[in-house]
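First the structure, in the form of structure tokens, and then the observations on it.
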Amino acid sequence: MCQIAGGAIGVAITTTIFTITSENDLDSKATTAGHNLTDHQVAVLHGQLAGTKAATDALHQLPQSAQNVIVPIIKDSFAAGVQAGFRFVAIAALLGLLISLFFVGGRLLPRRSAEPERAGA
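Okay, so the sequence shown: first residue is 1270 according to our numbering, each after it adds one.
Encoded structure:
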């Protein structure tokens, strides 16, 4: 049961990191390109990669010249979000490995006794 809860928390954190990173990246790159997007447009434009109606509507609210610039930015910001999520997962996995190595279970190797055993004793 704890594994399910831990997995759900991990997915929630990873999704949050992905969303925040990709939306911030989309907003900053669009602003740098000279196109100010509304909060709603920033939130739904990633759906353009999956073909959602909300993303299509938000994209069509922009002028044609802006659409040609924004679509590659959407793809780049999606990739930036995925990379940030993968970084978090890699760090969490490494921490889990270290915790399991040093704090879970017994020793990996048996202790050596100070006095060697005598044969025939």
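Backbone N, C-alpha and C fix where the C-beta goes; we use that ideal spot for every residue, glycine too.
Inset, instruction - Please check the pair T1301 and G1350, which I expect to be a contact at CB under 8 Å, by giving their CB distance rounded to whole angstroms. - result: By 1-based counting over the sequence shown, the position of residue 1301 is 32. By 1-based counting over the sequence shown, the position of residue 1350 is 81. With a Cβ gap of about 17 Å, T1301 and G1350 do not count as contacting.
Inset, instruction - On a CA-only basis, which of D1294, H1309 and A1274 is nearest S1346? Give me that one, please. - result: For the purposes of this step, residue 1346 is taken as the residue at position 77 of the sequence shown. Taking only the C-alpha atoms, the option nearest S1346 is D1294.
Inset, instruction - Identify which residue in H1315, C1271 and G1275 has its Cα closest to the Cα of A1361. - result: Position 92 of the sequence shown, counted from the start, is the residue given in the question as residue 1361. Answer by Cα proximity: G1275.
Inset, instruction - Measure the C-alpha to C-alpha separation of F1372 and L1363 and round it to an integer number of angstroms. - result: If you number the sequence shown from 1, residue 1372 lands on position 103. If you number the sequence shown from 1, residue 1363 lands on position 94. Computed Cα separation, rounded: 14 Å.
Legend entry - Buried or exposed (CB count within 10 angstroms, at least 16 for buried), G1391: There is no way to answer for residue 1391, as the model of the chain reaches only from 1270 to 1390.
Legend entry - Assigned exposure category for H1329 - 16 Cβ within 10 Å defines buried: Here the question's residue 1329 lines up with position 60 in the sequence shown. H1329 comes out exposed.
Inset, instruction - Grab me the residues of A1323's own chain with a C-beta within less than 7 Å of its C-beta, minus the 5 sequence neighbours each way, in chain order. - result: Working through the sequence shown from its first residue, we reach residue 1323 at position 54. Closer than 7 Å at Cβ, skipping near neighbours: V1313 and G1316.
Inset, instruction - Going by CA-CA distance only, name the one from S1297, Q1272, H1304 and V1280 that's closest to V1358. - result: Counting from 1 along the sequence shown, the entry for residue 1358 is found at position 89. Ranking the options by Cα distance to V1358, first place goes to V1280.
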